[in-house]
Every structure is written in C-alpha cells, then in structure tokens.
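Peer 1: This structure is in structure tokens; I'll ask about it shortly.
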Amino acid sequence: MEKLKLKEIQSLKDPSLDKNLTQMAYRRIKEMMFNYEIVPGQRLIFIDLAKRLGVSRTPVNNALSILANEGFLDFVPNQGYTVHQITKEEANALYEVREVIEVGAIGLAIQKLTPEKLENLKKQKALYEKAVTEQITRGRFMLDQEFHACYIQMAENPYLTDYFREVYQRIFLRHRIEGLPAGRAREVVSEHNEIFKAIKAKDVKRAKELIKLHIKAGKEYIFSAIFT
Numbered sequence: 652m653e654k655l656k657l658k659e660i661q662s663l664k665d666p667s668l669d670k671n672l673t674q675m676a677y678r679r680i681k682e683m684m685f686n687y688e689i690v691p692g693q694r695l696i697f698i699d700l701a702k703r704l705g706v707s708r709t710p711v712n713n714a715l716s717i718l719a720n721e722g723f724l725d726f727v728p729n730q731g732y733t734v735h736q737i738t739k740e741e742a743n744a745l746y747e748v749r750e751v752i753e754v755g756a757i758g759l760a761i762q763k764l765t766p767e768k769l770e771n772l773k774k775q776k777a778l779y780e781k782a783v784t785e786q787i788t789r790g791r792f793m794l795d796q797e798f799h800a801c802y803i804q805m806a807e808n809p810y811l812t813d814y815f816r817e818v819y820q821r822i823f824l825r826h827r828i829e830g831l832p833a834g835r836a837r838e839v840v841s842e843h844n845e846i847f848k849a850i851k852a853k854d855v856k857r858a859k860e861l862i863k864l865h866i867k868a869g870k871e872y873i874f875s876a877i878f879t
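With the working numbering, letter number 154 in the sequence shown gets 805, and the count goes up by one each step, no holes.
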C-alpha cells in the first residue's frame, strides 16, 4: 500500500538550513505516525531517528520538541520522548470540538454549494468506499478525514478546515488501531452516503442531524475498543 504524504503540512519557507532540516524531520516523523511506523506508547530513540532520516540529532530533537508541544509526544526527563496515548478525557473533549466545527460549518457549506463542489465531495466519498476492506488501516482513516474536510472546505473558511484536521489528527494519531473491530467501515459508507444526499438536497437541518449521529457512532466505536 502506498504510504501517506502529509499534504497539509507546509514548509516554513525559512532560508535557515537548521530550520529546514527541523521541518523536514517534523514532516517525516509525523508521516511515520500516519503510516503506523511508530505507534502510541512507543519510545523514540534520537540516534535511530537521526540515522533513519539522514540528519544530525539537532533537527530531530527540535522536531520532537515541536511534536511534544503539539501534544503528539510525551517528554519525560532522563527518559526521552514517547508517542502520546490519548486519554478518555482528551478524546471526549476533541470529539466535542469536532462536532462544533462540522455542524457549524455545514450551513455555510450548503449556502455556498456549487455543482463543482458537490462533484468533488462525491469523488472524495468514492475514494473512501474503494478503500473499504476487512483490514483496518491508517490510510482509510485519513480518507474519512478528507471526506469530512471536503464539505468543511465548501464553507470557504480555511481556518475551519485547518482546525478540523488538527482535531482529527489529535484523535487518530494517538491511539492504536489493532483492537478496532472491522465491521464499522460499511456503516461509515452508508452514513457518508446519507450526509451526501442531505448536502445535495441542501437540507441543512438533516445534514446537521446526520453529522451528529455519524460522529456519535464513530466515537462509540473508538471508545468501545480503546477505553475498555
């Protein structure tokens, strides 16, 4: 399977070599999290990461510090960094924020709906459908993210999309996927279809209801597997 690339992570456009190397290390380490090459709870070794990325320890240390400040890693003095494992309290708070963003954005998105935007959403929905198998992958979670990001983008407010992606990643990059049951994906396809129909019909009330139900079902699915 082709590994994911973090399109949303942009370079800092800084001429400083150290900062460029730090940003490169940041992107690559986060890509490793996306691709499940490093997992929640895993301790990260400076020397190993530096060799793997082909840089010195300094940019790796800087990148890890940034990721820790963003909540993706934990730092323990004299022990180093580990990939953060999300707590139930954190997950509850993040799901609340996610619902506020999505439900708040959908009215604007429908108000500004165009045939081109609807066609793009349809294509994004189809990408998720094609990825559905019995195997659970990070890639499928990211395709789900992009379906939701697509209709948030239709509101034409880039801050909403950025905040949504940040919240989504704070949830899904900080828990393991091994224990998740496989059956949920088919339900997600059906729920995406219903959300799409409501958007196409420009039914704001129905779309908001469906989004709330979809987020609630996804939350219950995740919680049942990782917080038992």
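Every residue gets a Cβ at the ideal spot worked out from N, C-alpha and C, and that includes glycine.
Computed from a prediction, not measured in an experiment: that's the story for all the values here.
Considering only the beta carbon of each residue, do proline 691 and leucine 831 sit closer than 9 Å?
Peer 2: Contact: no.
Peer 1: Please check the pair tyrosine 906 and leucine 778, which I expect to be a contact at CB under 8 Å, by giving their CB distance rounded to whole angstroms.
Peer 2: The displayed coordinates of the chain run from 652 to 879. Any statement about residue 906 would go beyond what the structure contains.
Peer 1: What residues in its chain sit with their C-beta under 8 Å from that of isoleucine 862, if we drop five residues either side in the sequence?
Peer 2: The answer, listed in chain order, is Glu750, Glu753, Val754, Ile757, Ile846.
Peer 1: In three-state DSSP terms, what is aspartate 813?
Peer 2: Helix.
Peer 1: Please return the same chain residues whose Cβ sits closer than 7 Å to the Cβ of lysine 851, not counting the five positions on each side in sequence.
Peer 2: These residues qualify, in order along the chain: Leu769.
Peer 1: According to the neighbour-count rule (16 or more other Cβ atoms, all chains shown, within 10 Å of its Cβ), is isoleucine 873 buried or exposed?
Peer 2: Per the 10 Å Cβ criterion, buried.
Peer 1: Does DSSP put valine 734 in a helix, a strand or coil?
Peer 2: Three-state DSSP puts valine 734 in a strand.
Peer 1: Going by the CB atoms, is the gap between isoleucine 822 and tyrosine 746 shorter than 9 Å?
Peer 2: Contact: yes.
Peer 1: Starting from the N-terminal side, write out each stretch of the alpha helix (DSSP H) that is 4 residues or longer and does not extend beyond the segment 689-755.
Peer 2: Runs found: 697-704, 708-720.
Peer 1: Once DSSP output is grouped into helix, strand and coil, what is the label at tyrosine 687?
Peer 2: Reduced to three states, the DSSP call for tyrosine 687 is coil.
Peer 1: Is it buried or exposed for glutamine 804, if we count other Cβ within 10 angstroms and need 16 for buried?
Peer 2: Counting Cβ neighbours within 10 Å, glutamine 804 comes out buried, since at least 16 surround it.
Peer 1: Helix, strand or coil for histidine 826, going by three-state DSSP, please let me know.
Peer 2: Coil at histidine 826, not helix or strand.
Peer 1: According to the neighbour-count rule (16 or more other Cβ atoms, all chains shown, within 10 Å of its Cβ), is tyrosine 810 buried or exposed?
Peer 2: Per the 10 Å Cβ criterion, exposed.
Peer 1: Please classify methionine 675: does DSSP put it in a helix, a strand, or coil?
Peer 2: Reduced to three states, the DSSP call for methionine 675 is helix.
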